[in-house]
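Asker:
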Amino acid sequence: MKITRRRKEKLIKNIFFLFAIVSLLILFLIVLFLFREGIPIFKEVTLWDFLFGNEWYPTYQPPSYGIWPLIVGSLIVTFFSSLIAVPIGVMSAVYISEIAPAALKEVLKSVIELLAGLPSVVLGFFGMVVLAPWLQETFDLPTGLNIVNASLILALMAVPTISSISEDALYAVPKEFKEASYALGATKYETIVRVIVPSAFSGIMTSVILGMARAIGETMVVLMVAGGAAAIPESLFDSVRPMPASIAAEMGEAPFRSGHYHALFATGIVLFFMTLIFNLVADYVSHKFREEGSGTL
Amino acid sequence: MRRRYFKQSLFFALVTLSAGLLLFSLGGLLVYIFLNGFRAVTWDFLTLPPMDSMTKGGILPAILGTLYLTLGAVAVALPLGIVSAIYLTEYARQGKIVRVIRIGVNCLAGVPSVVFGLFGLGFFVVFLGFGSCILSGALTLGILILPTIIGATEEALKAVPQTFREASLALGVSKWLTIWKVVLPSALPGILTGSILGIGRAAGETAPIMFTAAAFYTAKLPGSIFDEVMALPYHIYVLATAGTFIDQTRPLQYGTVLVLVGLVLGIDLFAIVIRSVVRKKKRW
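From first to last, the protein sequence lines are chains A and B.
The first sequence maps to residues 1 to 297 in my numbering.
The second sequence maps to residues 298 to 581 in my numbering.
1) Under 7 Å between beta-carbons, which chain D residues line up against Val111(A)? List them in chain order, please.
2) Quick check: what's the CA-CA separation for Ala370(B) versus Thr437(B)?
3) Short of 8 Å Cβ to Cβ, which residues in the segment 126-155 of chain A face chain B?
4) What is the DSSP secondary structure of Ala499(B), counted as helix, strand or coil?
5) What is the residue span of the alpha helix (DSSP H) that Thr460(B) lies within?
6) So what does Ala511(B) bridge to, in DSSP terms?
7) Quick check on Pro458(B): buried or exposed, where buried means 16 or more other Cβ atoms within 10 Å of its Cβ?
8) Would Ser202(A) pass as a contact of Val148(A) if the rule is Cβ separation under 9 Å?
9) What is the DSSP secondary structure of Met348(B), counted as helix, strand or coil?
10) Assuming the contact rule is C-beta atoms closer than 8 Å, Thr367(B) and Ile496(B) should be a hit. Round their C-beta distance to whole Å, please.
11) Please check if any C-beta of chain B sits within less than 9 Å of the C-beta of Ala158(A).
12) Within 9 Å of any Cβ in chain A, is that where the Cβ of Lys478(B) sits?
13) Does the separation of the CB atoms of Ile383(B) and Leu454(B) fall below 9 Å?
14) Can you name the start and end residues of the alpha helix (DSSP H) that Phe201(A) belongs to?
15) Can you check whether the CB of Thr275(A) is closer than 9 Å to the CB of Ser246(A)?
16) Please tell me whether Glu218(A) has its Cβ less than 9 Å away from any Cβ of chain B.
17) Would you please verify whether the beta carbon of Lys517(B) is less than 9 Å from any beta carbon of chain A?
18) Do you know offhand how far Ala85(A)'s Cα is from Ile209(A)'s?
19) In terms of residue numbering, what span does the alpha helix (DSSP H) encompassing Ala435(B) cover?
20) At least one CB of chain A closer than 9 Å to the CB of Ile571(B): is that the case?
21) Do you know how far the Cα of Ser166(A) is from the Cα of Phe79(A)?
22) Pairs of beta-carbons, one from the segment 215-227 of chain A and one from the segment 123-139 of chain A, closer than 8 Å: are there three or more?
23) If contact is defined by three or more beta carbon pairs under 8 Å, each pair taking one atom from either stretch, is the segment 153-171 of chain A in contact with the segment 213-222 of chain A?
24) Mind checking if Pro198(A) is an interface residue toward chain B, Cβ cutoff 9 Å exclusive?
25) By the criterion of Cβ-Cβ separation under 7 Å, what are the contact partners of Thr187(A) in chain B?
26) In terms of DSSP beta bridges, what is Trp56(A) paired with?
27) For Ile446(B) and Ile506(B), which I take to be in contact (beta-carbon distance under 8 Å), what is that distance rounded to the nearest angstrom?
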């Protein structure tokens, strides 16, 4: 009786372990299949020319597969969207965690959750039919689908990520820190800026990195509002074609297992590893610099 | 002293403003979509297929397609996610293996949705030979929401007090029965909330289904899991960018957006309400 019970427990544990490693297996399969479909492009073009080539003309004869303009497009919209999303995200987190009255706090947290849940195609649609015409008229531009538009909409997508993770970090700061600061005669502002925010810094950094990862990998928004010009932009009102937009727009038309098809998968590899690096850095930051425990007498 | 408080008021004004901005952007967006869309959403719109090269008619095939894809994704992700989370929190010794699995789950959560689409194309559609169909799309969406469900379940399990487990084990109950009869029932509301949020995410995603399931246009309703389907998010994208009569179909576009937003936010709101009700009732 005792042995069978122990055996049963062991069996359950082992089966559950198999389920748990499915995530790792999927991650491995993703890498495997991206490489399987992406690597053949390097028979036609060198890695260097692929990454740093300035010309993305996959359908020309002969085609040229340089994704540098796409990489630059991705980096630019990610940078400018962070410029908007980081201050708003972190400050709203400070408001929710430290200043808002309890009832408003719950409302705001729900608002952020709903904002995070908005389908990206809806935000892209909004950018296309509302923001683009407005930008075009206001600044007298040839097109409203450009870096500014994409950055604004992407910021709206990154803010919930940044805000909710920052809020968790601020909330986790031990109460004693705050009380000690007040006891020393600091104002609420001084306590927030000099004590609470620095204590939660690793969490805030993590939120920023994850927010940027979200922006760089976001597809529908850049597909619909970035304009789609595969060239290095010269001004903020130029169109760009970030990597996800290129993949999503062209995969439907690329002939199966053609050079173009392989090139798009290889672009996926680049995108995958960029976001992977962002995520690993976030993971490292959140573990390495975590404040643990609180000093008491 | 005065200057210190002046700085404080300035700072408070700034952070309040940014929180207000969030409230305003969500509210503004919803009001705008509702005002532009509600006239288009009629009974016919919800129950008819598109007609006259998608300039008239309704969106029934897209609604059904999204429903099937989402249900399929949940059927894949829910068992897998919950069992993974039980292993990670209840069984595994906190060491290297768990750390590696956790990093793996985090990385999976960060994979861009379009890369999931590429993977679905390379693996389900081409390698396994499913073709572009409900099955491929549902599997792709399922692995996309897997990390969300694992994360939510882990949180819910961790929130169950350790004393519950100890009491049960002290009575001589086996570990598995303890989890099944004591831990899981207490964690159920949390698991439910997280799963429903995952469902909302699956219903709204576009990029993962573009190459794995979504059809530009099909008049017939899906009959098997190997059929291509229309889906609400992809339908919005198609109408807004690829149609020949983009301006004429504007009302239809707003209507479809309203239906999708209503669906997704309705699902999310449901999860949020469940959670707050349960929190108020919580006895430990």
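Just so you know, even glycine gets a beta-carbon here, dropped at the ideal spot from N, CA and C.
As the structure is a prediction and not an experimental result, all values here were calculated from the model.
Answerer: Quick answer:
1) In the displayed structure, chain D is absent; the protein chains listed are A and B.
2) Here the question's residue 370(B) lines up with position 73 in the second sequence. Here the question's residue 437(B) lines up with position 140 in the second sequence. Taking the CA atoms as reference points, Ala370(B) sits about 8 Å from Thr437(B).
3) Answer set for the segment 126-155 of chain A: Phe126, Met128, Val129 and Val130.
4) Numbered from 1 along the second sequence, position 202 holds the residue referred to as residue 499(B). DSSP, read as helix, strand or coil, puts Ala499(B) in helix.
5) Against the second sequence, residue 460(B) aligns to sequence position 163. It spans Gln459 to Ala467 - the alpha helix (DSSP H) in which Thr460(B) sits, taken as one unbroken run.
6) For the purposes of this step, residue 511(B) is taken as residue 214 along the second sequence, with counting starting at 1. DSSP lists Val526(B) as partners of Ala511(B).
7) Reading the second sequence from its first residue, position 161 is the one you call residue 458(B). Around the Cβ of Pro458(B), a 10 Å sphere holds fewer than 16 other Cβ atoms; the residue is exposed.
8) Looking up residue 202(A) in the first sequence gives position 202. Looking up residue 148(A) in the first sequence gives position 148. No, the pair does not count as a contact, with Cβ atoms beyond the cut-off.
9) Locating residue 348(B) in the second sequence gives position 51, where the first residue counts as 1. Correct three-state label for Met348(B): strand.
10) Your numbering for residue 367(B) matches position 70 in the second sequence. Your numbering for residue 496(B) matches position 199 in the second sequence. 6 Å between Cβ atoms; contact.
11) By one-based count along the first sequence, residue 158(A) stands at place 158. No, because no Cβ of chain B sits closer than 9 Å to the Cβ of Ala158(A).
12) Stepping through the second sequence from its first residue, residue 478(B) is reached at position 181. With a threshold of 9 Å between beta carbons, Lys478(B) makes no contact with chain A.
13) Position 86 of the second sequence, counted from the start, is the residue given in the question as residue 383(B). Position 157 of the second sequence, counted from the start, is the residue given in the question as residue 454(B). A distance below 9 Å separates the beta carbons of Ile383(B) and Leu454(B).
14) Numbered from its first residue, the first sequence carries residue 201(A) at position 201. For Phe201(A), the enclosing alpha helix (DSSP H) stretches over residues Phe201 to Gly217.
15) Counted from its first residue, the first sequence places residue 246(A) at position 246. Counted from its first residue, the first sequence places residue 275(A) at position 275. Contact flag unset, no.
16) In the first sequence, the residue the question calls residue 218(A) occupies position 218. It does; some Cβ of chain B falls within 9 Å.
17) Numbered from 1 along the second sequence, position 220 holds the residue referred to as residue 517(B). So no, Lys517(B) is outside the interface.
18) By 1-based counting over the first sequence, the position of residue 85(A) is 85. By 1-based counting over the first sequence, the position of residue 209(A) is 209. For Ala85(A) and Ile209(A), the distance between alpha carbons rounds to 11 Å.
19) As a position in the second sequence, residue 435(B) is number 138, starting the count at 1. Unbroken alpha helix (DSSP H) run through Ala435(B): Ile431 to Lys455.
20) Start at 1 with the first residue of the second sequence, and residue 571(B) comes out as number 274. Judged by the 9 Å Cβ criterion, Ile571(B) is not in contact with chain A.
21) For this step, residue 79(A) is matched to residue 79 along the first sequence. For this step, residue 166(A) is matched to residue 166 along the first sequence. When only Cα atoms are considered, Phe79(A) and Ser166(A) end up about 19 Å apart.
22) Judged by Cβ distances under 8 Å, the segment 215-227 of chain A makes contact with the segment 123-139 of chain A, as three or more pairs qualify.
23) Yes: the two stretches touch, three or more of their Cβ pairs being nearer than 8 Å.
24) As a first step, residue 198(A) must be located in the first sequence, where it is residue number 198. Contacts with chain B at 9 Å (Cβ-Cβ) do not include Pro198(A).
25) Within the first sequence, numbered from 1, the residue matching residue 187(A) stands at position 187. Arg301, Tyr302 and Gln305, listed in chain order.
26) Mapped onto the first sequence, residue 56(A) falls at position 56. Note: Trp56(A) sits in a beta bridge opposite Tyr65(A).
27) Residue numbering aside, residue 446(B) sits at position 149 when the second sequence is read from its first letter. Residue numbering aside, residue 506(B) sits at position 209 when the second sequence is read from its first letter. 19 Å between Cβ atoms; not a contact.
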